[in-house]
Amino acid sequence: MRQHTLSTAQQWDREDKLATYRDEFYILENTIYMDGNSLGLLSKRAERTLLQLLDAWKTLGIDGWTEGEHPWFYLSEEVGKKMAPLVGGNENEVIATGSTTTNLHQLVATFYKPMGNKTKILADELNFPSDIYALKSQLQLKGYEPDEHLIRVASPDGRYLREDDIIAAMTEEVALIVLPAVLYRSGQVLDMEKLTKAANERNIPIGFDLCHSVGSVEHELHDWGVDFAFWCTYKHLNGGPGSVGGLFIHEKQFGKAPGLAGWFGSKKASQFDMAHTMDAATDVGAYQIGTPHVLSLAPVIGSLEMFEEIGIEAIREKSLKLTNFMLALVEQELAGAGFTIGNPVDESRGGHLLLEHAEAARICKALKQDGVIPDFRAPNGIRLAPVALYNTFEDVWYTVQKLKVIMDEKRYEQFENKRGVVA
Ligand SMILES: *Cc1c(COP(=O)(O)O)cnc(C)c1O
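Sequential numbering of the sequence shown, starting at 6, is according to my numbering.
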């Protein structure tokens, strides 16, 4: 195999068409940030739109709802339209609202219609805990025992799922399917098109959690026929801590009454009639509940400008090149250090890598001490996410070099092998 050197990295940085976007971000000083899949960095554009909306409040008061550059009353729809290309949805199929977990509650409350023997929800055993908690509680609300009615498809190796296993579990008893697009640990991208086709053939509503895929990989939700999807905007979309989530409803599902209703789901023109009979929006807008979190939407507006300019294809292309480079360096520099690659080595992976090691928790602490921000996932995972918009190939080079020194010198031994409160 070809030997990679620092000059390989520098050469690729010079050739990188997205290189100028790094200057659009606040890069932490003396730090290599490899955690954009947990919390994306602040960009100057996101800061600008946040301050803009703060100023609208300052100068317009209540009139900010309908005046100013981004009237708050229409903001959820406006941001939804901007996210639509990232998920392959039509403009009226995507809205910015709620959070990942509350949107999942809304979607299950709407799409889970148990009848006779068709009572089960199909998920997987590698799913993110919050999604599982939400599904279990929704089952309980309907009077079903979660242990019996939540099917979690098993992973053969604790890392990956097999689409064929999931399809085999789509039986007559299944009333709803909820799956991740990219697995939060291993980074595996599920074949959403294949899974959706199988679910559609069996007439089972299917939805995906796009938290780790949106802003990182391409989606064609509309064309694939996905019924619904939901995601957060603070990971690859760089919307800031707790920024407002996203929700997609395929137009074939328009007209369904949302399970959890609220006045912001009304048609805009009639919302302020204040009638006690709701005149629900005829598109994805119906899924909103209450007043939007305007200040948590504001940074998303600026951040999305960059995604619009660049296009998700170019982002994905650079992302794969970054993670391919990191994989090659791990093989070249860290052989014998006891790491196991926990992510797909082919292109069925999202924007991050997973290195598994028995000492992972304290290796992460040593990395942090050396200025590299990784992210630890219990019990033994180190996630590293070189992000196309603001990381360089040189960042990748130095991350692996620092890791090499930590392993060679056993520098991690000065730390306890325990995670922090927020890992
Ligand atoms: C980050 C993440 C969440 C977080 O949900 P919130 O409601 O935003 O706290 C949920 N599911 C997955 C798969 C995630 O990656």
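Cβ coordinates follow ideal geometry from the N, Cα and C atoms, glycine included.
Closer than 6 Å: residue i CB and nearest ligand 1 heavy atom
i: Thr105; result: yes
i: Tyr292; result: no
i: His5; result: An answer regarding residue 5 cannot be provided, because it is not within the stretch 6 to 428 covered by the chain.
i: Phe213; result: no
i: Asn380; result: The question names Asn, yet the displayed sequence has Asp at residue 380. False, no ligand heavy atom lies under 6 Å from that Cβ.
i: Glu217; result: The sequence as given places His at residue 217; Glu does not occur at that position. Checking the Cβ of His217 against ligand 1 gives yes.
i: Phe2; result: Because residue 2 is not part of the residues shown, which for the chain are 6 to 428, the question remains open.
i: Cys369; result: no
i: Tyr79; result: no
i: Asp136; result: yes
i: Tyr3; result: The chain is shown from 6 up to 428; residue 3 falls before or after that span and cannot be answered.
Under the three-state DSSP convention, the category residue i falls into
i: Asp170; result: helix
i: Gln8; result: coil
i: Phe398; result: helix
i: Leu359; result: strand
i: Tyr31; result: coil
i: Arg354; result: strand
i: Tyr189; result: coil
i: Ser271; result: strand
i: Val410; result: helix
i: Thr345; result: strand
i: Ala280; result: coil
i: Met39; result: coil
i: Arg157; result: strand
i: Met120; result: strand
i: Phe213; result: strand
i: Ala262; result: coil
i: Ser48; result: strand
i: Ala3; result: Outside the displayed span of the chain (6 to 428) sits residue 3, for which this structure offers no information.
i: Leu302; result: helix
i: Ala180; result: strand
i: Ala393; result: coil
i: Ala285; result: strand
Limits of the unbroken beta strand (DSSP E) element including residue i
i: Lys125; result: 125 to 129
i: Ile294; result: Segment: none, Ile294 is in no beta strand (DSSP E) and carries neither H nor E.
i: Arg388; result: 386 to 389
i: Ile67; result: From DSSP, Ile67 is part of no beta strand (DSSP E); its letter is neither H nor E.
i: Ile254; result: 251 to 254
i: Phe381; result: 380 to 382
i: Phe235; result: 233 to 236
Alpha-carbon to alpha-carbon, residue j and residue i
i: Leu226; j: Val289; result: 14 Å
i: Leu181; j: Phe235; result: 15 Å
i: Ala291; j: Tyr38; result: 38 Å
i: Ile378; j: Gly244; result: 19 Å
i: Met88; j: Glu414; result: 46 Å
i: Asp169; j: Met283; result: 42 Å
i: Thr328; j: Lys63; result: 44 Å
i: Val183; j: Ala128; result: 5 Å
i: Leu47; j: Phe30; result: 6 Å
i: Val240; j: Asn42; result: One detail in the question is off: residue 240 reads as Lys in this sequence, not Val. Near 5 Å, if we compare the C-alpha coordinates of Asn42 and Lys240.
i: Leu23; j: Asp400; result: 15 Å
i: Gly347; j: Ile387; result: 9 Å
i: Glu98; j: Pro263; result: 14 Å
i: Gly85; j: His362; result: 40 Å
i: Lys125; j: His154; result: 5 Å
i: Leu195; j: Glu178; result: 23 Å
i: Leu166; j: Glu74; result: 45 Å
i: Lys123; j: Tyr417; result: 51 Å
i: Leu408; j: Leu394; result: 23 Å
N- and C-terminal bounds of the alpha helix (DSSP H) containing residue i
i: Glu20; result: 11 to 20
i: Leu80; result: 80 to 92
i: Phe116; result: 105 to 116
i: Trp229; result: 226 to 229
i: Glu318; result: 317 to 338
i: Glu72; result: Glu72 -> no alpha helix (DSSP H), and no H or E assigned at all.
i: Ser218; result: No alpha helix (DSSP H) contains Ser218, which DSSP labels as neither H nor E.
i: Leu200; result: 197 to 206
i: Arg164; result: First-last for Arg164: undefined, no H or E at that position.
i: Pro134; result: 134 to 146
i: Arg424; result: First-last for Arg424: undefined, no H or E at that position.
i: Ala365; result: 365 to 374
Closer than 6 Å: residue i CB and nearest ligand 2 heavy atom
i: Gly230; result: Ligand 2 is absent from the structure shown, which contains only ligand 1.
Count the CB pairs spanning the stretch 237 to 257 and the stretch 298 to 315 that are closer than 8 Å, and state whether there are at least three. yes
Counting beta carbon pairs with one atom in the stretch 273 to 281 and one in the stretch 118 to 134, are three or more of them shorter than 8 Å? no
With three or more C-beta pairs closer than 8 Å as the rule, is the stretch 340 to 351 touching the stretch 79 to 99? no
The stretch 212 to 227 / the stretch 157 to 177 touching (three or more Cβ pairs under 8 Å): no
Is the stretch 182 to 196 close to the stretch 204 to 213, with three or more CB pairs under 8 Å? yes
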